[in-house]
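Asks: Quick one: the structure is below, and I'll ask about it shortly.
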Amino acid sequence: MINFKSIKVQINLFLAAFAVFLYLKEPSFALLAGFFWAILFSILLEGAFLLPKTKKLQITESALTSGLIIGYVLSSGSPWWMFLTVALFAVGLKHILRFHGKNLLNPAALGIFLAVLLLKGNTEWKGTYAWYLLIPAGLYIVYKIKKMEIVLGYLGMSLLLFIPQALRQGTSLMDIPGYFNFFFIFIMLIEPKTTPATRWPKITFGAGAALLVFVLTERGFRYEPELFALLVLNALVPFLNKIPNYKFSTPKKIT
Numbered sequence: 003m004i005n006f007k008s009i010k011v012q013i014n015l016f017l018a019a020f021a022v023f024l025y026l027k028e029p030s031f032a033l034l035a036g037f038f039w040a041i042l043f044s045i046l047l048e049g050a051f052l053l054p055k056t057k058k059l060q061i062t063e064s065a066l067t068s069g070l071i072i073g074y075v076l077s078s079g080s081p082w083w084m085f086l087t088v089a090l091f092a093v094g095l096k097h098i099l100r101f102h103g104k105n106l107l108n109p110a111a112l113g114i115f116l117a118v119l120l121l122k123g124n125t126e127w128k129g130t131y132a133w134y135l136l137i138p139a140g141l142y143i144v145y146k147i148k149k150m151e152i153v154l155g156y157l158g159m160s161l162l163l164f165i166p167q168a169l170r171q172g173t174s175l176m177d178i179p180g181y182f183n184f185f186f187i188f189i190m191l192i193e194p195k196t197t198p199a200t201r202w203p204k205i206t207f208g209a210g211a212a213l214l215v216f217v218l219t220e221r222g223f224r225y226e227p228e229l230f231a232l233l234v235l236n237a238l239v240p241f242l243n244k245i246p247n248y249k250f251s252t253p254k255k256i257t
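Note that this note's numbering has the sequence shown beginning at 3, numbered continuously upward.
See below:
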């Protein structure tokens, strides 16, 4: 039975519903085919990797999430074998690159980045600027999984970088929200298992990702700066978790 109170289930339901919304807004057979291949290969490969342990083919929530994310980010015009390869990278390396029994790198981000780097794959980031849906849903998700500090760190650092740049270039500050990849921020950046768990490491993670994205973009980095920045910060999580989780308290009144 599906547990609709589970945040993992809710995230998958939102991603599925959002995909339907995008299709109804702009019907495309390629869009449907892309999601079909991404989800199918992710589920089958995850089931195959788990089969020796579980002795039965399972459909896991994480495989469904990875498949949906791949469907959103990888270009719909990609051939079926590209979706297969990305799913293989994502699912296979998830079971290999682990730290203390947990995923070290965001599986979907790693699979897509490797396809772009090694196979000249193309990305599309479908619906990423549909802020009117992604922001409210994203705020609910980050609140439920307690990753709000990551988003605040990312947005705060981005504004610190974008505002001076806009002033120097003479562009309107009102254009800055258009720079944000809301799908990346609210769906991929905050993945629970590959991000820090306490306040200051989470803030540092988000701010560090924003800084790296900005620098890579300004330098003309061709291989998906957001995905690369996310993977770098994922790899640094064991070190970020060592940052003391300072708590500020108000001084006691002397009576």
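Note that the Cβ used here is the ideal one computed from N, Cα and C, for glycine as well.
Out of curiosity, what's the CA-to-CA distance linking Asn236 and Phe230?
Replies: Asn236 and Phe230: Cα-Cα distance of roughly 10 angstroms.
Asks: Would you grab the beta carbon distance between Asn14 and Glu63 for me? Rounded to a whole angstrom, and I think it's under 8 angstroms.
Replies: So it is a contact: roughly 6 angstroms between Cβ atoms.
Asks: Could you give the C-beta distance for Glu48 and Val93, rounded to a whole number, given that I count them as a contact under 8 angstroms?
Replies: Yes, Glu48 and Val93 are in contact; Cβ-Cβ is about 5 angstroms, under 8 angstroms.
Asks: How long is the line joining the alpha carbons of Glu220 and Gln60, rounded to whole angstroms?
Replies: In a straight line, the C-alpha of Glu220 is about 44 angstroms away from that of Gln60.
Asks: Based on the DSSP secondary-structure assignment, which residues constitute the bridge partners of Asn105?
Replies: BP columns for Asn105 point to Arg100.
Asks: Alpha carbon to alpha carbon, how far is Phe16 from Thr173?
Replies: Approximately 35 angstroms between the Cα atoms of the pair.
Asks: Mind checking Phe23: buried by the 16 CB within 10 Å criterion, or exposed?
Replies: Phe23 is exposed by the Cβ-count criterion.
Asks: Applying the criterion that 16 or more other CB atoms from any shown protein chain within 10 Å of the CB defines a buried residue, is Ala111 buried or exposed?
Replies: With 16 or more other Cβ atoms within 10 Å, it is buried.
Asks: With DSSP collapsed to three states, give me the class of Leu15.
Replies: Three-state DSSP puts Leu15 in a helix.
Asks: Which residues in the same chain have their Cβ closer than 8 angstroms to the Cβ of Asn108, if we skip the five residues on either side of it in sequence?
Replies: Excluding positions up to five away in sequence, the list reads Met190, Glu193, Thr196, Leu232, Leu233 and Asn236.
Asks: Classify Thr125 as helix, strand or coil using the three-state DSSP reduction.
Replies: Correct three-state label for Thr125: strand.
Asks: For a test of the three-state rule: what should DSSP assign to Leu76, helix, strand or coil?
Replies: The answer is strand: DSSP assigns Leu76 an E or B state.
Asks: Ignore the nearest five residues each way along the sequence and tell me which others in Gly208's own chain have a CB closer than 6 angstroms to its CB.
Replies: For Gly208, where only same-chain residues beyond five positions count, the Cβ hits under 6 angstroms are Ile152, Gly155 and Tyr156.
Asks: Classify Gly79 as buried or exposed, calling it buried when 16 or more other Cβ atoms lie within 10 Å of its own Cβ.
Replies: Per the 10 Å Cβ criterion, exposed.
Asks: Taking DSSP as the reference, what is the three-state secondary structure of Gly180?
Replies: Three-state DSSP puts Gly180 in a helix.
Asks: Within 8 angstroms, do at least three Cβ pairs link the segment 112–130 to the segment 237–247?
Replies: Contact between the segment 237–247 and the segment 112–130 is absent, because fewer than three Cβ pairs lie under 8 angstroms.
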